[in-house]
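Written out below as structure tokens is the structure these notes cover.
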Amino acid sequence: MNLANLGLSGINVAQNRLQTTGHNINNANTDGYNRQSVNVSTAGAQSMGRGYIGMGVKTDSIERAYDNFLYRQLVNSQSKESELASYGTEIKQINNLFADRTVGISPALQKFFDGIQAVASAPADPAARKELLGRASSLVGQINDANAFLDDQRNNLNTQISTTVRQINSYVERIHGFNQQIVTAKAAGAGAAPNDLLDQRDQAVAELNKLVGVTVIEQGDRFGLSFGSGQVLLSADTMYPLTAKPSDNDPKRTVVSYTMPVGNNKTTQVEIDDQYIRGGALGGLMQYRSETLDPIQNDLGRMAVGLAMSVNQAHAQGFDQNGNPGGEVFSMRQPVVGAAVTNKGTAAFTATFSDASQLTAQDYQIAYDGTNYSVVRVPEGSLAYKGDSSGFPQVIDGLEINFSSTSGAPVAGDVWSLTPTRNAASDLGLTLNDPARFAAAGTDAGDADNANALAMAQLQTKKTLGQGTMSLNESFSQIVNNIGVQTQQNITSQKAQSTLVQQNFSAQQAVSGVNLNEEYVNLERYQEQFRAASRLIDISGTLFDTLLGLKQ
Numbered sequence: 193m194n195l196a197n198l199g200l201s202g203i204n205v206a207q208n209r210l211q212t213t214g215h216n217i218n219n220a221n222t223d224g225y226n227r228q229s230v231n232v233s234t235a236g237a238q239s240m241g242r243g244y245i246g247m248g249v250k251t252d253s254i255e256r257a258y259d260n261f262l263y264r265q266l267v268n269s270q271s272k273e274s275e276l277a278s279y280g281t282e283i284k285q286i287n288n289l290f291a292d293r294t295v296g297i298s299p300a301l302q303k304f305f306d307g308i309q310a311v312a313s314a315p316a317d318p319a320a321r322k323e324l325l326g327r328a329s330s331l332v333g334q335i336n337d338a339n340a341f342l343d344d345q346r347n348n349l350n351t352q353i354s355t356t357v358r359q360i361n362s363y364v365e366r367i368h369g370f371n372q373q374i375v376t377a378k379a380a381g382a383g384a385a386p387n388d389l390l391d392q393r394d395q396a397v398a399e400l401n402k403l404v405g406v407t408v409i410e411q412g413d414r415f416g417l418s419f420g421s422g423q424v425l426l427s428a429d430t431m432y433p434l435t436a437k438p439s440d441n442d443p444k445r446t447v448v449s450y451t452m453p454v455g456n457n458k459t460t461q462v463e464i465d466d467q468y469i470r471g472g473a474l475g476g477l478m479q480y481r482s483e484t485l486d487p488i489q490n491d492l493g494r495m496a497v498g499l500a501m502s503v504n505q506a507h508a509q510g511f512d513q514n515g516n517p518g519g520e521v522f523s524m525r526q527p528v529v530g531a532a533v534t535n536k537g538t539a540a541f542t543a544t545f546s547d548a549s550q551l552t553a554q555d556y557q558i559a560y561d562g563t564n565y566s567v568v569r570v571p572e573g574s575l576a577y578k579g580d581s582s583g584f585p586q587v588i589d590g591l592e593i594n595f596s597s598t599s600g601a602p603v604a605g606d607v608w609s610l611t612p613t614r615n616a617a618s619d620l621g622l623t624l625n626d627p628a629r630f631a632a633a634g635t636d637a638g639d640a641d642n643a644n645a646l647a648m649a650q651l652q653t654k655k656t657l658g659q660g661t662m663s664l665n666e667s668f669s670q671i672v673n674n675i676g677v678q679t680q681q682n683i684t685s686q687k688a689q690s691t692l693v694q695q696n697f698s699a700q701q702a703v704s705g706v707n708l709n710e711e712y713v714n715l716e717r718y719q720e721q722f723r724a725a726s727r728l729i730d731i732s733g734t735l736f737d738t739l740l741g742l743k744q
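In my numbering, the protein residues as written are 193 to 744.
This is the structure in structure tokens:
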């Protein structure tokens, strides 16, 4: 081994170190980049009889400063942060709608009952009666408008879910591509790790987790991906894309389905329940819809049904200015039981409101197993009824459920969904359009009688909902309070999660991040190594020239 070869080995190592340091500096602000370093070792030594003479230095590998635990910890916290942010964006909108007590349903409800009190004070006054109808119309309008806002938000959620699913599939495809590139690059590099490709794949996984929480399964040099309750997105070289589609049970509701192999190279689409999708923006949207939007809209509908049924029932007890019994004040539509599109039978169900005080904010699923029917509360999951057809009509939670008179026979596996109050607020209408037909009197003795108007005014505080525990005012206040509490909880959780993300990022960067000051120092060190190694070659040449000169 001569001085020239020693110098050359040093130059090569120094050059590798300089290039790697430059690569670190250039990527100091690249998302997902992990600092790289050159691992070197002695090139060994040659026996010279009485000792060994070193043969220089060699590059063993170039590795990235990577800690899998810190990386996963950061990715998971970012996924949760994205979920909370997505949820917060949606709930803030309805909080702004319901929290203002100066406009909207709360003051409209108060003015409606104030109008009844005014008629009770002057039952013969046509102006008071006309004002009451105007206030009733305004109340209906406010309830309809609030529900329309919730419907718009529901439609927007459908759009966001579809968009997010497309983005998820795109990231899965990118990660699949990185898998193939990494396998190819590692084979071409005699097993050396393609650090930049590994960083890019990790960053793609991190970005995917901001869309939905996924679990990475390392399969050799490849990443497999799953999410939800174990649904596979990527396995080896096979992708299983997600699909955003109308629910089989509710075509107005966009759900996520995954591709499941069923043998013989065939697949089928299986719907995923909202509760199993967590993490990332998609998890936030699903959580908001199932835990906030559905219950709030159901509660608003329950209040609308309670208003219509209690006022109509009380109004029917009185007499109008013409001595006729009170007719309907508010109109409402009875709930619709929808058959799943996958049903093979023709059986159908009907449902009617029987007792507003027993209504809940739950939805219901009816299923037939070939022998018995089951009625399950959703999302609570409790069984409300199980038995054969002789059990119908069945009264459950203020609802009477029965077979449709024109329906046919069911087939095992058929399913029906019932959302009794979901659309009730949009279906609320005002039937009474003649001030003289307001039944203020308790008898048909004349319009000086205000007994029934006084009784109707008491409905404002009468416990007509929640199994006799809530008045109409309290029912709406509960809606407002629930939204407010959930909004505040989200704000608090977002702040805490943001702090956690910063802590995890700092911990990860302490190991994997690029410290520019350190890299500047390394530049000087490796430059000196390069110069010194170059000097060896220069000295080697001088010595060789001297030897040649001795022969002359």
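Here a beta-carbon is modelled for each residue, glycine too, at the ideal position from N, C-alpha and C.
On the CB-based measure, 16 or more other CB atoms within 10 Å of its CB, does GLU410 come out buried or exposed?
Under this definition GLU410 is an exposed residue.
I'd like the list of long-range same chain contacts for VAL693, defined as Cβ closer than 7 Å, with 5 residues on each side in sequence excluded.
Once the five neighbours on either side are set aside, the close Cβ partners of VAL693 are SER269, GLN270, GLU273.
Can you check the segment 244–323 for any alpha helix (DSSP H) of at least 4 residues that lies completely inside it and give the ranges in chain order?
Those alpha helix (DSSP H) runs which fall completely within the segment 244–323 and span 4+ residues are 260–291, 297–313.
Are ALA338 and GLY296 touching if we call contact CB-CB under 8 Å?
In this structure, GLY296 lies closer than 8 Å to ALA338 by Cβ.
What are the partner residues of LYS437, as DSSP defines its beta bridges?
LYS437 pairs with VAL447.
For ASN348 and LEU477, what's the separation of their Cα atoms in angstroms?
About 10 Å.
Nearest to GLN554 by alpha carbon, out of GLU572, THR563, ALA548, TYR565?
For GLN554, the nearest C-alpha among the options comes from GLU572.
Quick one: using the 10 Å Cβ neighbour count with 16 as the cut-off for buried, is ASP292 buried or exposed?
The residue is exposed, with fewer than 16 neighbouring Cβ atoms inside 10 Å.
For the alpha helix (DSSP H) that contains PHE697, what are its first and last residues?
Start and end: 664–704.
Taking PHE419 and THR407 to be in contact with their CB atoms under 8 Å, please state how far apart those CB atoms are, rounded to whole angstroms.
So it is a contact: roughly 7 Å between Cβ atoms.
Taking only three categories from DSSP, how would you classify LYS378?
Of the three classes helix, strand and coil, the one that applies to LYS378 here is helix, per DSSP.
Check whether the Cβ of ASP252 lies closer than 7 Å to any heavy atom of the ligand ADP, and answer yes or no.
The ligand ADP is not part of the structure shown, which contains no ligands of any sort.
So ALA632 packs on ASN644, CB below 8 Å; how close in whole Å?
At roughly 6 Å, the Cβ-Cβ gap stays under 8 Å, so ALA632 and ASN644 are in contact.
Do three or more CB pairs link the segment 210–219 to the segment 700–716 at distances below 8 Å?
Yes, they touch.
Is the beta carbon of GLY510 less than 8 Å from the beta carbon of THR656?
Cβ distance not < 8 Å, so GLY510 and THR656 don't count as in contact.
What alpha helix (DSSP H) runs, 4 residues minimum, are completely inside the segment 340–423?
Within the segment 340–423, the complete alpha helix (DSSP H) runs of at least 4 residues are 387–401.
Please give the ranges of any alpha helix (DSSP H) in the segment 484–510, keeping only runs that are unbroken, at least 4 residues long and fully inside the region.
For the segment 484–510, whole alpha helix (DSSP H) runs of length 4 or above, ordered along the chain, are 486–507.
In chain order, what residues of the same chain lie with their CB nearer than 6 Å to the CB of PRO487, ignoring the 5 residues before and after it?
Answer for PRO487: ALA553, listed in chain order.
In angstroms with no decimal places, state the Cα-to-Cα distance between LEU622 and MET524.
LEU622 and MET524: Cα-Cα distance of roughly 9 Å.
Tell whether a beta-carbon distance below 8 Å holds between PHE668 and SER329.
The answer is no: Cβ separation not under 8 Å.
Where does SER229 sit, in a helix, a strand or coil, going by DSSP?
Note: SER229 maps to strand in three-state DSSP.
How should ILE245 be labelled, buried or exposed, when 16 other C-beta atoms within 10 angstroms of its C-beta is the threshold for buried?
With fewer than 16 Cβ atoms within 10 Å of its Cβ, ILE245 is classed as exposed.
Say whether the segment 199–213 touches the segment 245–258, bearing in mind that this needs 3 or more beta-carbon pairs closer than 8 Å, one atom from each stretch.
The segment 199–213, when compared against the segment 245–258, does touch it at the 8 Å Cβ threshold.
Could you spell out the range, first to last residue, of the beta strand (DSSP E) harbouring VAL587?
586–588 is the extent of the beta strand (DSSP E) around VAL587.
Could you name the residues that DSSP lists as bridge partners for GLU716?
Bridge partners of GLU716: none, in fact.
Write down the C-beta distance between ILE464 and GLN423 rounded to the nearest angstrom, noting that I regard them as a contact closer than 8 Å.
Sure, about 6 Å apart at Cβ, within 8 Å.
Buried or exposed: where does LYS402 fall if 16 or more other Cβ atoms within 10 Å of its Cβ makes it buried?
With 16 or more Cβ atoms within 10 Å of its Cβ, LYS402 is classed as buried.
List the DSSP bridge partners of TYR556.
DSSP, once it has assigned bridges, lists ARG569, LEU610 as partnering TYR556.
With DSSP collapsed to three states, give me the class of PRO726.
As written in the sequence, residue 726 is Ser, which differs from the Pro given in the question. SER726 falls in the helix class under three-state DSSP.
Grouping DSSP H, G and I as helix and E and B as strand, with all else coil, what is ASN221?
The answer is coil: DSSP assigns ASN221 none of H, G, I, E or B.
With distances taken Cα to Cα, identify the nearest neighbour of ALA617 among LEU331, VAL568, GLY705, ALA601.
The shortest C-alpha separation from ALA617 is found at LEU331.
So, are the CB atoms of VAL570 and TYR556 less than 8 Å apart?
Against a cut-off of 8 Å, the Cβ pair of TYR556 and VAL570 comes out as a contact.
Touching or not, the segment 594–601 and the segment 534–541, by the rule of three or more beta carbon pairs under 8 Å?
The segment 594–601 is in contact with the segment 534–541.
According to DSSP, ALA643 sits in a beta bridge with which residue or residues?
Paired residue(s): none; ALA643 is not in a bridge.
Taking 8 Å as the threshold (C-beta atoms), are ILE283 and GLN678 in contact?
Yes, they are a contact pair.
Alpha carbon to alpha carbon, what distance is there between VAL607 and VAL567?
Going from the Cα of VAL567 to the Cα of VAL607 covers about 10 Å.
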